[in-house]
Amino acid sequence: MPVDGGGLSLTVNQTAPMPLRGSLTCQDGQLLALVGPSGAGKTSVLRVLAGLLQPASGRVVVGGQVWLDCAAGINLSPQQRRVGLVFQHYALMPHLTALDNVALALLHLPPPQRHHEARQWLQRVQLTGDLLLRRPAQLSGGQQQRVAVARALARAPRLLLLDEPFSAVDQLSRKGLYSLLADLRKDLSIPIVLVTHDLSEARMLADTLVVMDAGEVLQQGTPERLYRSPRNARVADLVGIQNRFHGQWLGPADQAGMGWLEWLPPPGAGAPGQRGVRLCVPDKGRLSVGQSVSWVIQGDGIHLSQPDASAQSPAAWPARMETVRHLGDLSLATVSLDDVPPVTLQLTLAGPQRQRWEEGQRVMLRLDPAWVHVMPTRSA
Amino acid sequence: MDTQALWLSFELATATLAVLLPLGLWAGRWLARARFTGKALLEAAVVLPLVLPPTVLGYYLLVALGGQSAIGAWVANVLGVQLTFSFAGLLVASVVFNIPFMVQPIQRAFESIPRDLAEAAQVSGLSAWQIFWRVELPLAWPGVLSACVLTFVHTLGEFGVVLMMGGNIPGETRTLAIAIYDKVQGFDLAGAHQMAGVLLVLSLVAVAASFFASARLVVKR
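Protein chains in written order, with the numbering used here: chain R, 1 to 380; chain D, 1001 to 1221.
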């Protein structure tokens, strides 16, 4: 049943046999990465999309065609969906050669054409020569993965699904496959969904991130948006934001669109009755006065200066450089704030200026309010 | 050498295989995939002929399929076939007695196929029949071959059930195993020795051939 619009949209809602709830969308030609801890439901979402798992309630529309609509009694079989799926361990047929594995997805064609096309797809993933006539056990992990990608693409899918495809290959093969995926994306104008637990991989490859936990879609957004404005503390944890802090919302400030946040040590970590420092930060009007909050700040919003240079600034606090580790072109540093012990910030220093910071040095810390994001406290 | 008994044993083994192979493929594959309450009980029932004394099984089959029983009377009236002391009865008994030899190796073979292969085939557009024919059967083939050889050889040497169900009618129900027993009873040890030797060599060759073929057929994963 065709409906308007391209891309992928999914809504799913079930509580048993396992919880699975949420929605996501992905435009044609875009890569969406599903991230979250083990058991978050990432692979289950992929299985719903492929038609290998029918949820209690849900709807899947791809390229304007309804693949699943539980309410309307529509559920296309995996065979009818035209989906390309690269399994985590590739699921190549061990008794077939690389060429026959790809030809298996082309059974609708006459046999000679089947092999001709399979050969072309394998060439496209840079697999040629006698490798085509080898069985999977005679190929390396990276080569097996290329066969799996070729097989997934051979049916001209309308949706490409990749289930942790990079987890079982070495670093070198992984880099080669990143570039292969980047090349394929230029030519494929279909939505691509990638399941991964590697956040740096997800950030590097994806246009959109979807964070899942305990079967629930917590947030969807561009990597930049997710890292800058996680919906809640759990999302911040799951996407690995290091500078996440505790605080209390004090209410609106005099300046429109701004509010007061008190930066506090985490519950149970500071001295009893300890007060923190007050920050004037952007306010979306969603928090109530006195509410316990989590807040994050990106490295771009953290500025360090010499103690004398910033002494005049009201929004700068005395701090101490705890650790500085020089790693190649970058240095990783932790800074502790005098007024909010035992809180430490982590930041990456780059450029020639990084060399002037040393462990134990006194510094002034200034936070750019524009990079501060405050959210309700919610944990696992 | 009682060649008539030898050929009858071959006929019975071939017919048992012909009936049991399709049944075993279906049941073995189904048991490998299905999850339901009472599966353990059903699997125990499949294995039962392996642990029951053949005379016990033969006795129950005699009671269940004899002319006095409902099944036996129905088969005799409708199909005109008597199931006791006949080749047809022997075949039924042999099929029942060989169920574990056929179903169990096939079930294990299908169980050893990773589930994601069938799913990969599904998303590659293969129908259920194509998945069975092009993916599952080639991978389960060593197990299927073992099941066939075990069933065939086991039928050749079957004694207790055959005797209970078929008696000892030359050309009809006297198999090689019964003929050997007859020879020993008649103190013809040379004749018994000859036939026992044939059975021993046949069984050894068949099992060794199946092991050799299985080792070659097993696909490295």
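The C-beta atom is built at its ideal place from N, Cα and C for all residues, glycine as well.
Cβ of D:E1011 less than 8 Å from any chain R Cβ? no
Hey, out of R:L226, R:D237, R:C26, whose CA is closest to R:I192's CA? R:C26
Under the three-state DSSP convention, the category D:A1213 falls into: helix
Would you mind sorting D:W1007 into buried or exposed? The rule is 16 or more other CB atoms within 10 Å of its CB. exposed
Would D:A1140 and D:I1131 be called neighbours here (beta carbons separated by less than 8 Å)? no
Within 7 Å: the Cβ of D:V1092 and any heavy atom of the ligand HEM? Looking for the ligand HEM in the displayed structure turns up nothing, as the structure carries no ligands at all.
Are the Cβ atoms of R:G58 and R:L46 separated by less than 8 Å? no
Please give the ranges of any alpha helix (DSSP H) in the region 213 to 275 of chain R, keeping only runs that are unbroken, at least 4 residues long and fully inside the region. 223 to 228, 233 to 238
Chain-order list of residues whose beta-carbon lies under 7 Å from that of D:C1148 (same chain, five-residue window excluded): L1017, L1021
Thinking just about the alpha-carbon of each residue, which of R:Q88, R:L85, R:P78, R:A137 is nearest to the one in R:A98? R:A137
What do you reckon, are the CB atoms on R:C184 and R:L209 nearer than 8 Å? According to the sequence displayed, residue 184 of chain R carries Leu and not Cys. Contact flag unset, no.
Any idea what DSSP makes of R:L194, helix, strand or coil? strand
I believe D:F1110 touches D:T1151 by the beta-carbon criterion, under 8 Å. Please report the beta-carbon distance rounded to the nearest angstrom. Their Cβ separation, rounded to whole angstroms, is 17 Å, which puts D:F1110 and D:T1151 out of contact at 8 Å.
Which first and last residues belong to the alpha helix (DSSP H) in which D:S1086 is found? Unbroken run through D:S1086: none, as it is neither H nor E.
Alpha carbon to alpha carbon, what distance is there between R:G22 and R:Q120? 39 Å
Compare the C-beta of R:R439 with all C-beta atoms of chain D and state if any pair is closer than 8 Å. Here chain R has residues from 1 to 380 only, and residue 439 of chain R is not among them.
Closest residue to R:Q14 among R:E216, R:D254, R:G259, R:H326 (Cα-Cα distance): R:E216
Would you mind stating whether R:Q145 and R:P165 have Cβ atoms separated by less than 8 Å? yes
Can you find the residues in the same chain that come closer than 7 Å, C-beta to C-beta, to R:T344, ignoring five residues on each side of it along the sequence? E322, T334, V335, S336
Pull out every residue of the region 1030 to 1046 of chain D whose Cβ sits closer than 7 Å to any Cβ of chain R, in chain order. none
Closer than 8 Å at the beta carbon, the chain R residues around D:P1138: H95
Would you check if there are 3 or more beta carbon pairs closer than 8 Å linking the region 1156 to 1172 of chain D to the region 1195 to 1203 of chain D? yes
Please check if any C-beta of chain R sits within less than 8 Å of the C-beta of D:A1213. no
If distances are taken between C-alpha atoms only, which option among D:A1070, D:P1054, D:E1119, D:F1097 comes closest to R:V86? D:E1119
Can you pull the chain D neighbours of R:H108, defined as C-beta to C-beta under 8 Å? G1125
Chain-ordered chain R contacts of D:A1196 [CB-CB under 9 Å]: Chain R residues near D:A1196: none, gap ~40 Å exceeds 9 Å.
How far does the beta strand (DSSP E) with R:L104 in it reach, from first residue to last? Where R:L104 is concerned, there is no enclosing beta strand (DSSP E), given that its DSSP letter is neither H nor E.
Euclidean distance between Cα positions of D:S1094 and R:P94: 36 Å
Please state whether DSSP places R:H116 in a helix, a strand or coil. helix
Please check if any C-beta of chain D sits within less than 8 Å of the C-beta of R:R203. no
Kindly indicate which residue of R:G328, R:V340, R:D339 has the alpha-carbon position closest to the one of R:R354. R:G328
Would you mind telling me which residues of chain R sit closer than 7 Å to D:V1078, beta carbon to beta carbon, in chain order? By Cβ distance, chain R contributes nothing, its closest Cβ being about 42 Å from D:V1078, past 7 Å.
Under 9 Å between beta-carbons, which chain D residues line up against R:P111? List them in chain order, please. The premise fails here: R:P111 is roughly 13 Å from chain D at the closest Cβ pair, so nothing lies under 9 Å.
Kindly indicate which residue of R:G299, R:D368, R:A370, R:R286 has the alpha-carbon position closest to the one of R:L349. R:G299
Quick check: is the beta carbon of R:A50 nearer than 8 Å to any beta carbon in chain D? yes
Distance CB(R:L52)-CB(R:M212) smaller than 8 Å: no
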